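Below is one structure; the comments refer to it alone.
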Amino acid sequence: MDVKTKGHAAILIFLGFFTLVFFSAEARAGEKGPYAEPPRAMWVWDAKLFRDEPAPQRLLDFCKARRVNLIFYTAYKVGGSLAWDYRRFNKTAHQNGIGVHALAGDPRWALLKYHHRCLEWVSDILEFNMAAAPDERFDGVHSDVEPYLLGKAWE
Numbered sequence: 044m045d046v047k048t049k050g051h052a053a054i055l056i057f058l059g060f061f062t063l064v065f066f067s068a069e070a071r072a073g074e075k076g077p078y079a080e081p082p083r084a085m086w087v088w089d090a091k092l093f094r095d096e097p098a099p100q101r102l103l104d105f106c107k108a109r110r111v112n113l114i115f116y117t118a119y120k121v122g123g124s125l126a127w128d129y130r131r132f133n134k135t136a137h138q139n140g141i142g143v144h145a146l147a148g149d150p151r152w153a154l155l156k157y158h159h160r161c162l163e164w165v166s167d168i169l170e171f172n173m174a175a176a177p178d179e180r181f182d183g184v185h186s187d188v189e190p191y192l193l194g195k196a197w198e
């Protein structure tokens, strides 16, 4: 991999980290809500969780019982018919003192020719947040790229 591509990958990783830190610090400033304590996070990759009506509340109960106050929740597509489900889940999580970050990732996002996909995803999350009520928004984004999975393409 050339220096330019690695540089772009480093920028994407930095942007993901910056967004996570920025949103977390902003939320912590009031010392209320999900960020009053240090983060104790959990990754949830099950995009079908909404289909089982009691499942979201069971997840939140599980988190509360274990003092998990931040969920990285899979959110590749947040528009259309899923928007209402994400808004409802985020609102309920916030009412339970749990923050929610939109989660997505693809190792190819580390490659220059796929950067646009990551940026489009972040743009979709920002549009979702602008259209949602404050308590229905994502608190941040978490880009799980893991470029080492590309093997030789990353070297």
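Counting with this note's numbering, you get residues 44 to 198 for the letters of the sequence shown.
Cβ atoms here follow ideal geometry from the backbone N, Cα and C, with glycine treated the same way.
Since this is a predicted model, take the numbers as computed values, not measurements.
Mapping the DSSP letters down to three states, classify Val-143 as helix, strand or coil. Strand at Val-143.
Just tell me which of Asp-187, Arg-151 and Ala-84 has its CA closest to the CA of Asn-112. Ala-84
Count the other C-beta atoms from every protein chain shown that fall within 10 angstroms of the C-beta of Asn-133, then say buried if there are 16 or more, exposed otherwise. Buried: at least 16 other Cβ atoms inside 10 Å.
Is it the case that the Cβ atoms of Arg-130 and Glu-179 are separated by a distance below 9 Å? yes
State whether the segment 165–178 contacts the segment 103–117, with contact taken as three or more CB pairs (one from each stretch) at a distance under 8 Å. no
Contacting residues, own chain, Cβ-Cβ under 8 Å from Val-87 (five flanking each side not counted): Excluding sequence neighbours, Val-87 sits near Leu-102, Ile-114, Phe-115, Tyr-116, Thr-117 and Leu-146.
Is Val-121 helix, strand or coil when you go by DSSP? coil
What would DSSP say about Thr-103, mapped onto helix, strand or coil? First, the amino acid is wrong: residue 103 is Leu here, not Thr. Three-state DSSP puts Leu-103 in a helix.
For Ala-196, name the three-state secondary structure that DSSP assigns. helix
Could you please give me the residues that DSSP links to Ser-186 through a beta bridge? Ala-147.
Once DSSP output is grouped into helix, strand and coil, what is the label at Leu-92? helix
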